[in-house]
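> In the order they appear, the protein sequences are chains A and B.
Taking the numbering used here, the leading residue of the first sequence gets 1, the next gets one more, and so forth.
Taking the numbering used here, the leading residue of the second sequence gets 245, the next gets one more, and so forth.
The C-beta atom is built at its ideal place from N, Cα and C for all residues, glycine as well.
Computed from a prediction, not measured in an experiment: that's the story for all the values here.
Provided herewith is a single structure, encoded as structure tokens, for subsequent inquiry.
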Amino acid sequence: METVFERTPTFKDCPTHYCPGCGHGIAHRLVAETVDELGTRGRTIGIAPVGCAVLAYDYLDVDMVEVAHGRAPAVATGMKRTNPDKIIFSYQGDGDLAAIGTSEIVHAAHRGEQITVIFINNAVFGMTGGQMAPTTVLGQVTTTTPLGRKAEGEGYPLQVSELLAVLPGAIYIERCAVHKPAEVRKAKKAIKHAFQLQVDGAKGLSMVEVLSQCPTAWRMTPAEAVEWVDKEMTKVFPLGRLKG
Amino acid sequence: MCGNEALAEAAIIAGVDAYFGYPITPQNEITAYMSRRMPEEGRVFVQCESELAAINMVFGASATGKRSMTTSSSPGISLMQEGLSYLAGAELPAVVVNVMRGGPGLGNIAPAQGDYFQATRGGGHGDYRTITLGPSSVQELVDCMGLAFDLADEYRMPVIILADGILGQMMEPVVLNGEKRWPKREPPAKDWALTGASGRKQNIVRSLWLKEGVLEELNNKLHRRYKQIEKNEVICEQYEVDYAEIVVVAYGVAARIVRGAVTRAREQGIKVGWIRPITLWPFPTEQISKAAEELKVFLVVEMSLGQMVEDVKLAVAGKAPVLFFGRAGGAVPTVEQVLETIRQLTIPEKR
Ligand SMILES: Cc1ncc(C[n+]2csc(CCOP(=O)(O)OP(=O)(O)O)c2C)c(N)n1
Numbered sequence: 001m002e003t004v005f006e007r008t009p010t011f012k013d014c015p016t017h018y019c020p021g022c023g024h025g026i027a028h029r030l031v032a033e034t035v036d037e038l039g040t041r042g043r044t045i046g047i048a049p050v051g052c053a054v055l056a057y058d059y060l061d062v063d064m065v066e067v068a069h070g071r072a073p074a075v076a077t078g079m080k081r082t083n084p085d086k087i088i089f090s091y092q093g094d095g096d097l098a099a100i101g102t103s104e105i106v107h108a109a110h111r112g113e114q115i116t117v118i119f120i121n122n123a124v125f126g127m128t129g130g131q132m133a134p135t136t137v138l139g140q141v142t143t144t145t146p147l148g149r150k151a152e153g154e155g156y157p158l159q160v161s162e163l164l165a166v167l168p169g170a171i172y173i174e175r176c177a178v179h180k181p182a183e184v185r186k187a188k189k190a191i192k193h194a195f196q197l198q199v200d201g202a203k204g205l206s207m208v209e210v211l212s213q214c215p216t217a218w219r220m221t222p223a224e225a226v227e228w229v230d231k232e233m234t235k236v237f238p239l240g241r242l243k244g
Numbered sequence: 245m246c247g248n249e250a251l252a253e254a255a256i257i258a259g260v261d262a263y264f265g266y267p268i269t270p271q272n273e274i275t276a277y278m279s280r281r282m283p284e285e286g287r288v289f290v291q292c293e294s295e296l297a298a299i300n301m302v303f304g305a306s307a308t309g310k311r312s313m314t315t316s317s318s319p320g321i322s323l324m325q326e327g328l329s330y331l332a333g334a335e336l337p338a339v340v341v342n343v344m345r346g347g348p349g350l351g352n353i354a355p356a357q358g359d360y361f362q363a364t365r366g367g368g369h370g371d372y373r374t375i376t377l378g379p380s381s382v383q384e385l386v387d388c389m390g391l392a393f394d395l396a397d398e399y400r401m402p403v404i405i406l407a408d409g410i411l412g413q414m415m416e417p418v419v420l421n422g423e424k425r426w427p428k429r430e431p432p433a434k435d436w437a438l439t440g441a442s443g444r445k446q447n448i449v450r451s452l453w454l455k456e457g458v459l460e461e462l463n464n465k466l467h468r469r470y471k472q473i474e475k476n477e478v479i480c481e482q483y484e485v486d487y488a489e490i491v492v493v494a495y496g497v498a499a500r501i502v503r504g505a506v507t508r509a510r511e512q513g514i515k516v517g518w519i520r521p522i523t524l525w526p527f528p529t530e531q532i533s534k535a536a537e538e539l540k541v542f543l544v545v546e547m548s549l550g551q552m553v554e555d556v557k558l559a560v561a562g563k564a565p566v567l568f569f570g571r572a573g574g575a576v577p578t579v580e581q582v583l584e585t586i587r588q589l590t591i592p593e594k595r
């Protein structure tokens with residue numbers, strides 16, 4: 001029989017702790033495939049966030065560090081500046097990157113740090129039980145917006161990719177999703193491009209935002225969650241290349 | 245050269261690979277100096293967006309095995325406490341210089357010693373310590389720099405140099421490249437560093453340990469290391485303690501004032517000596533405890549309203565009276581004030 005799909009070596013052969021239907025595992029695999037296809041495992045250093053992906057190093061077989069909530073872009077800066085030959089990536093959720101770590105991501109992009117950021121937007125704080133994130137869409141019910149998010153007092157969903165795209169130091173920004181095979185393939189292409197830029201020594205930060213299903217915190221079945229990304233989330237967070 | 249510039253050059257001599265800083269008075273000379281000297285040396289300088297970022301950049305560089313440092317003053321050091329806790333948890337070396345100023349809050353920009361508790365107690369969350377050095381001259385600031393990097397590497401933990409605004413601004417002659425007061429130590433191999441998993445298994449630097457009992461194991465391991473540091477790394481100076489009836493304990497710039505006051509008091513026939521801790525943690529508990537056996541009176545002088553005095557009391561353990569004189573908010577005790585305090589001390593009857 002012909003093998004048509006295999007686990008890529010940098011993705012460890014073990015079960016993950018992610019909930020059924022969660023997008024993190026897919027995003028992890030895309031990063032692992034990229035590292036293997038670019039042949040950079042031996043010089044890649046990854047940064048795990050605080051959030052559901054805190055244990056990313058249990059699944060991604062590259063050198064990895066776990067850092068304080070939101071600080072990954074600063075840690076990445078310290079790593080890349082002292083190791084320009086290494087491929088440095090951070091993997092961050094939307095609480096990590098768009099709430100507590102906005103300062104770090106904005107300034108890393110602003111300085112044009114030559115790092116790659118994988119930004120997982122699931123519109124909630126997953127790990128702490130599904131609270132509102134800056135990316136939560138209007139009307140969305142979370143544990144801290146029991147009546148649905150209101151613009152007044154709680155703000156509109158924060159579009160970090162659009163925000164960063166205006167900075168000259170950010171050279172490539174694309175928003176993708178992983179709820180459909182076609183989108184997964186596009187996300188893979190984007191992630192690979194973002195890493196490739198760093199490998200090529202391109203002068204600036206590359207970031208791929210990945211819309212990711214969180215059926216558990218959304219109180220949905222995995223099928224409903226996929227549907228919700230498709231119908232609701234992409235309305236607020238349109239897919240496509242924003243920069244570069 | 246002012247103290248700030250001297251310590252910056254000393255860090256370069258000590259082999260610092262990367263400096264990350266955010267401006268704050270009274271230590272701006274360090275950041276300015278490094279912005280010129282580090283690129284000259286082909287090393288890394290970054291002016292960061294905040295002290296939070298600075299300490300995390302230190303964390304990043306350090307996780308890859310590089311010698312890295314940051315400097316700041318009190319309010320900035322408060323922001324770094326999160327990072328210090330993570331450095332301690334992840335067992336990463338780092339050197340942090342705090343050129344202390346008056347507090348709390350924005351306080352003022354005058355010299356103070358109000359961050360002693362923060363530095364010697366860990367400062368951030370969790371069960372950890374940071375080695376803390378309290379130099380009292382520009383030369384000692386320079387000497388402490390090399391020692392700080394060596395200790396950080398050897399024990400895989402952050403080391404804090406606790407200076408103050410006077411020391412940072414003061415001009416004194418220094419020997420930068422002379423014979424080492426504390427011999428250079430062979431840095432241990434950093435086989436834990438993140439260098440890319442080329443031809444080896446993956447390295448992970450982390451501080452999260454969820455499985456039952458694992459974190460306690462780490463805590464115990466750190467604790468054993470701290471005990472070893474307390475046993476092996478205490479540095480302090482003493483003067484005429486054996487024959488004294490009064491012992492004055494002070495560190496940093498306050499110790500210079502004490503030295504002056506003690507010299508004058510001795511000219512007036514008062515039997516007084518001093519103990520000057522250079523390592524504030526590990527604290528010279530044994531030395532002070534030994535002096536207390538002789539039933540002396542202790543006077544602690546600080547540029548705060550009393551922080552190190554608690555460690556002196558713990559060391560004395562009720563064996564002798566411990567008195568305190570301090571000025572806070574950027575005020576510096578004068579030689580006359582300390583002298584007067586010494587004169588007024590009543591010596592208990594020898595039993
Ligand atoms: C300083 C700090 N504040 C709060 C927390 C608690 N906390 C852990 S994860 C998290 C939110 C994570 O959400 P996100 O980044 O969206 O990632 P997800 O879990 O959804 O993948 C929070 C608030 C923490 N660990 N540290």
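Since A68/A meets chain B, which of its residues come closer than 7 Å, beta carbon to beta carbon?
Simply N300, E326, G327 and Y330.
> What's the call for M1/A, buried or exposed, on a 16-neighbour Cβ count within 10 Å?
It counts as exposed.
> For S212/A and chain C, any beta-carbon pair shorter than 9 Å?
Looking at the structure shown, chain C is missing, and the protein chains on hand are A and B.
> D261/B touches chain A at which residues, Cβ-Cβ below 8 Å?
The contacting residues are T82.
> State yes or no: is the C-beta of T128/A nearer than 8 Å to some heavy atom of ligand 1?
Answer for T128/A: yes, Cβ within range of ligand 1.
> Helix, strand or coil: how does DSSP classify K594/B here?
Because the pLDDT of K594/B is 47, which lies under 50, any placement of that residue in the model is unreliable, and the number read from its coordinates should be weighed accordingly. In the structure shown, K594/B sits in coil (DSSP, three-state: anything other than H, G, I, E or B).
> What separation, rounded to the nearest whole angstrom, lies between the Cα atoms of R595/B and R365/B?
Interpretation of R595/B is limited by its pLDDT of 41, a score under 50 that renders its predicted location unreliable; no figure is taken from the coordinates.
> According to DSSP, is K243/A part of a helix, a strand, or is it coil?
Here K243/A sits in strand by DSSP.
> For E593/B, is the classification buried or exposed, using 16 other Cβ atoms within 10 angstroms of its Cβ as the cut-off for buried?
With a pLDDT of 49 at E593/B, under the threshold of 50, the predicted position of this residue should be treated as unreliable, though the coordinate-derived value follows. Classification for E593/B: exposed.
> Q159/A and T142/A: beta carbons closer than 9 Å?
No, the Cβ-Cβ distance between Q159/A and T142/A is not below 9 Å.
> Given a cut-off of 9 Å on the beta-carbon distance, is the pair I375/B and V403/B in contact?
In this structure, V403/B lies closer than 9 Å to I375/B by Cβ.
> Please report the straight-line C-alpha distance between L167/A and W525/B, rounded to a whole angstrom.
Their Cα atoms are separated by approximately 45 Å.
> Take A27/A and list the residues in its own chain whose beta-carbon comes closer than 7 Å to its own, dropping the five residues that flank it on each side.
Counting only Cβ-Cβ distances below 7 Å, and skipping sequence neighbours, we find I118, I120, V178, V210 and S212.
> Which class does F569/B belong to by DSSP, given the choice of helix, strand or coil?
F569/B falls in the strand class under three-state DSSP.
> By the 8 Å beta-carbon criterion, what residues does the region 393-427 of chain B contribute toward chain A?
So the list is empty, because no residue satisfies the distance condition.
> Please classify P577/B: is it buried, with 16 or more other beta-carbons within 10 angstroms of its beta-carbon, or exposed?
Answer is buried; the Cβ neighbour count reaches 16.
> Between M64/A and chain B, is the shortest Cβ-Cβ distance under 9 Å, so that the two count as touching?
Chain B contact via Cβ: present.
> Give a yes or no on whether the minimum CB-CB distance between K231/A and chain B is below 9 Å.
No, K231/A lies away from the interface with chain B (no Cβ there is under 9 Å from its Cβ).
> Using a Cβ-Cβ cutoff of less than 6 Å, which residues in the same chain neighbour E484/B once the five nearest sequence positions on both sides are dropped?
Around E484/B: G517.
> Check whether the region 399-417 of chain B and the region 28-38 of chain A are in contact - that is, three or more C-beta pairs closer than 8 Å.
These segments do not touch.
> At a cut-off of 8 Å, is F89/A close to ligand 1 when judged by its beta-carbon and the heavy atoms of the ligand?
No, the beta carbon of F89/A sits no closer than 8 Å to any heavy atom of ligand 1.
> In this structure, does DSSP put R219/A in helix, strand or coil?
Residue state, collapsed to three classes: coil.
> Rounded to the nearest angstrom, how far is the Cβ of L411/B from that of V339/B, given a contact under 8 Å?
Incorrect: roughly 16 Å between the Cβ atoms, too far for contact.
> Is C214/A near ligand 1, with its Cβ less than 8 Å from a heavy atom?
C214/A Cβ: within cutoff of ligand 1.
> Using DSSP with H/G/I as helix, E/B as strand and the rest coil, what is V576/B?
DSSP places V576/B in coil when its eight states are reduced to three.
> Should the region 223-240 of chain A be regarded as contacting the region 280-290 of chain B, the criterion being three or more beta carbon pairs within less than 8 Å?
Contact fails: fewer than three Cβ-Cβ distances are below 8 Å.
> In chain B, which residues lie with their C-beta within 8 Å of the C-beta of S161/A?
Here the premise fails: no neighbours, minimum Cβ distance about 20 Å.
> I'd like to know whether the C-beta atoms of L296/B and M324/B end up nearer to each other than 9 Å.
Contact: yes.
> Determine the contact status of A74/A and E104/A, defining contact as a CB-CB distance below 9 Å.
Contact: yes.
> Closest to A599/B by C-alpha separation, out of K475/B, D397/B, A505/B and A258/B, would be which residue?
Shown here, chain B extends from 245 to 595; a query on residue 599/B therefore has no answer.
> Provide the residue span of the alpha helix (DSSP H) that contains S381/B, from first to last.
First-last for S381/B: undefined, no H or E at that position.
> Against chain A, which members of the region 308-319 of chain B pass a CB distance test of less than 8 Å?
Cβ contacts with chain A: T308, K310 and S312.
> Quick one: is the Cβ of I100/A within less than 8 Å of any heavy atom of ligand 1?
Indeed, a heavy atom of ligand 1 lies less than 8 Å from the Cβ.
> Just to confirm, does I47/A get its C-beta within under 8 Å of one of the non-hydrogen atoms of ligand 1?
No; taking the cut-off as 8 Å, the Cβ of I47/A has no heavy atom of ligand 1 nearer than that.
> Kindly indicate the opening and closing residues of the alpha helix (DSSP H) around L113/A.
The question names Leu, but residue 113/A in the sequence shown is Glu. Looking at the DSSP string, E113/A is not in any alpha helix (DSSP H), and its letter there is neither H nor E.
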